[in-house]
Amino acid sequence: MAPNAPYEILKDSDRATLQGNEVPFTITEDRPRGFKAVREGLKNLSTNDFRVENMTKMPCLQQASIYGVSTGLSMGAIRYVVTRNVRSTGNWGFLTFGIISMVSWEYCRFQRKLIQLQFEMISAANNELPTKIANPLDQ
């Protein structure tokens, strides 16, 4: 295992119990939880984080926004056709936008974190390999 790695690779005996698309490692990263995590996250925020130039560089933002806007508009249109109530339409559309945006954002970030951990595992495994493999024709 790589030094200070935020994961622990499972032993071969534990790998036999994996089912479906489970990953062969467990995340051991010690991070603050609850209100302490929120406080630490708020300390790291600045007004520059909310500038349009910086927000467009954020991974997963475009995908989450597209999913949220499209489902919010669709739900609003369906709600308007059914009820003909503009206030209810706006509420349902905005609520759908918020929920779908958050869910797709979190899922995208989760997938990126898994891929990052897999790359770190591969990199750590490559560093543990011998640097030169003997060529049988050299003997």
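Numbering (this note's numbering), first residue to last: 40 to 178. The beta-carbon is built from N, C-alpha and C at its ideal position, and this holds for glycine as well. All values reported here derive from a predicted model rather than from experimental measurement.
Best match in the options for proximity to residue i [C-alpha to C-alpha]
i, options, result
"LEU112", "ASN166, CYS99, THR128", "THR128"
"SER140", "ASP88, LEU100, GLU92", "LEU100"
"MET97", "CYS147, LEU156, SER162, ARG126", "CYS147"
Spatial distance of residue i from residue j (CA atoms)
i, j, result
"TRP131", "ASN83", "33 Å"
"GLY115", "LYS75", "37 Å"
"MET160", "MET94", "30 Å"
"LEU153", "GLU167", "21 Å"
"ALA164", "VAL125", "58 Å"
"SER104", "VAL121", "25 Å"
"GLU145", "GLN155", "15 Å"
"GLU79", "THR110", "33 Å"
"VAL77", "SER85", "14 Å"
"PHE158", "LEU81", "29 Å"
"PHE149", "GLY73", "19 Å"
"ALA41", "ARG90", "Unreliable positioning characterises ALA41 in this predicted model, as indicated by a pLDDT of 48, which lies under 50. The coordinate reading is nonetheless provided below. C-alpha separation (whole angstroms): 37 Å."
"ILE117", "ASP88", "35 Å"
"ILE138", "GLU92", "24 Å"
"TYR119", "ARG151", "37 Å"
Nearest-angstrom Cβ-Cβ length linking residue i and residue j, presumed shorter than 8 Å
i, j, result
"TYR179", "SER162", "There is simply no residue 179 to check, as the chain begins at 40 and stops at 178 in what is shown."
"PHE136", "VAL108", "6 Å"
Sequence ranges, beta strand (DSSP E) only - wholly within the segment 105 to 150, length at least 3: At a cut-off of 3 residues, not a single continuous stretch assigned as beta strand (DSSP E) sits fully inside the segment 105 to 150.
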